[in-house]
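Residue numbers (the working numbering): 10 to 140.
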């Protein structure tokens, strides 16, 4: 019989906490509520950009369309947030998250293709203790 790690359900998304083991206490509810809210906003805007700036690749990646993109992006961002909070003890920066969403709303396709959102929408979102 194969043992499966315990999954913690949080705000409609299943996420695993801990490095290989479940730690139910690792999920900070207020921190994850902020991550979840950002994930939904980010998914809305980044999927629009992806669909507009690279419609052929968008169709390949998300055959089911915009809803599929948003679902994938919310899950991806929420899982990443859980890893940051649970495993790395990071704090989510809501002001940086707001700036990320604004940057995505204003990005030109050439800037997006060049990776201009990488810094503002990844590293800037998290305040993590030194390793």
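Even glycine gets a Cβ: it sits at the ideal position worked out from N, Cα and C.
- With fewer than 16 other Cβ atoms from the protein chains shown falling within 10 Å of its own Cβ, residue 72 counts as exposed.
- In terms of CA proximity to residue 138, 98 leads the group 39, 98, 56 and 85.
- When DSSP assignments are scanned along the segment 63-136, the uninterrupted stretches of alpha helix (DSSP H) that are 4 or more residues long and fall wholly within it turn out to be 64-70, 75-95, 103-115 and 118-122.
- Taking a cut-off of 8 Å on C-beta distances, the segment 100-110 does not touch the segment 75-88, as fewer than three cross pairs fall below it.
- Closest option to residue 82, judged by alpha-carbon separation, among 74, 56 and 60: 56.
- Between residue 79 and residue 45, the alpha-carbon positions lie close to 13 Å from each other.
- Its chain contains 109 as the residues whose beta carbon lies nearer than 6 Å to that of residue 130, once the 5 sequence neighbours on both sides are disregarded; these appear in chain order.
- Comparing C-alpha distances from residue 119 to each of 62, 43, 49 and 53 shows the shortest one belongs to 62.
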